[in-house]
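So the structure is just underneath, and the comments pick up after that.
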Amino acid sequence: MAAADREAPLELSGEDLDGKPVDLADLRGKPVVINVWWSECPPCRVEQPDLNEAAAELGDRVSFLGLNIRDSSAEKGLAFTRNFDVTYPSIYSPDGSALLSFAGTLNPRSIPSTVVLDSQGRVAASVQGRIPTTQTLLSLVDVVLDE
Numbered sequence: 001m002a003a004a005d006r007e008a009p010l011e012l013s014g015e016d017l018d019g020k021p022v023d024l025a026d027l028r029g030k031p032v033v034i035n036v037w038w039s040e041c042p043p044c045r046v047e048q049p050d051l052n053e054a055a056a057e058l059g060d061r062v063s064f065l066g067l068n069i070r071d072s073s074a075e076k077g078l079a080f081t082r083n084f085d086v087t088y089p090s091i092y093s094p095d096g097s098a099l100l101s102f103a104g105t106l107n108p109r110s111i112p113s114t115v116v117l118d119s120q121g122r123v124a125a126s127v128q129g130r131i132p133t134t135q136t137l138l139s140l141v142d143v144v145l146d147e
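Its first residue numbered 1, the sequence shown is counted upward by one per residue in the UniProt record's numbering.
Structure (structure tokens):
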């Protein structure tokens, strides 16, 4: 989405899987990739290595944030992050209420989903469903890095 067509910055906050506060506003100043996932979601398991690879390749130029929904306990989410070596935090929203921040951007039934925010916190791109490849995500992020 062209920068001129982007709407107001997203507001999203909550506790991570360890119970620590996370506020998306604290990540402004560089692009952010937000991935919506659930530990028992097969496509989430398939795409996690691509997300990890993209996060490693992009380094500190981009922040990554997960949004764990549907898991009945934070421990299930933590087990997923340990199993898949996820290095970035995830907001824990078992009832999916955090998805309200994405109204008009994401279908709440589409898990996984990934959103790329520009450095101002505005939605620049989104993928509903699994990220096809690491390169797909890198290409979406490159657009906002080049702005």
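Even glycine gets a Cβ: it sits at the ideal position worked out from N, Cα and C. Note that the structure is predicted; figures quoted are calculated from it, not measured.
Inter-residue spacing [alpha-carbon to alpha-carbon] between residue i and residue j
i: L12; j: A25; result: 8 Å
i: L58; j: V33; result: 11 Å
i: T136; j: G29; result: 23 Å
i: V141; j: I111; result: 20 Å
i: G104; j: K76; result: 29 Å
i: N83; j: V46; result: 13 Å
i: A125; j: S63; result: 15 Å
i: M1; j: L99; result: 20 Å
i: Q48; j: D146; result: 25 Å
i: L27; j: T81; result: 20 Å
i: G66; j: P89; result: 6 Å
i: K20; j: G14; result: 8 Å
i: V115; j: C41; result: 18 Å
Buried/exposed call for residue i, threshold 16 Cβ in 10 Å
i: N68; result: buried
i: S101; result: buried
i: T133; result: exposed
i: residue 148; result: Residue coverage of the chain in this structure runs from 1 to 147, which leaves residue 148 outside it and unanswerable.
i: A8; result: exposed
i: S97; result: exposed
i: S73; result: exposed
i: D95; result: exposed
Beta-carbon gap between residue i and residue j smaller than 9 Å
i: S113; j: Q128; result: yes
i: G38; j: D60; result: Inspection of the sequence shows that residue 38 is occupied by Trp rather than by Gly. No, the Cβ-Cβ distance between W38 and D60 is not below 9 Å.
i: V144; j: L117; result: yes
i: L10; j: R122; result: yes
i: L78; j: D18; result: yes
i: P31; j: S119; result: yes
8 Å contact criterion, which residue i and residue j should meet: CB distance rounded
i: I91; j: V22; result: 5 Å
i: A55; j: T87; result: 6 Å
i: N35; j: D85; result: The Cβ separation is near 14 Å, so there is no contact.
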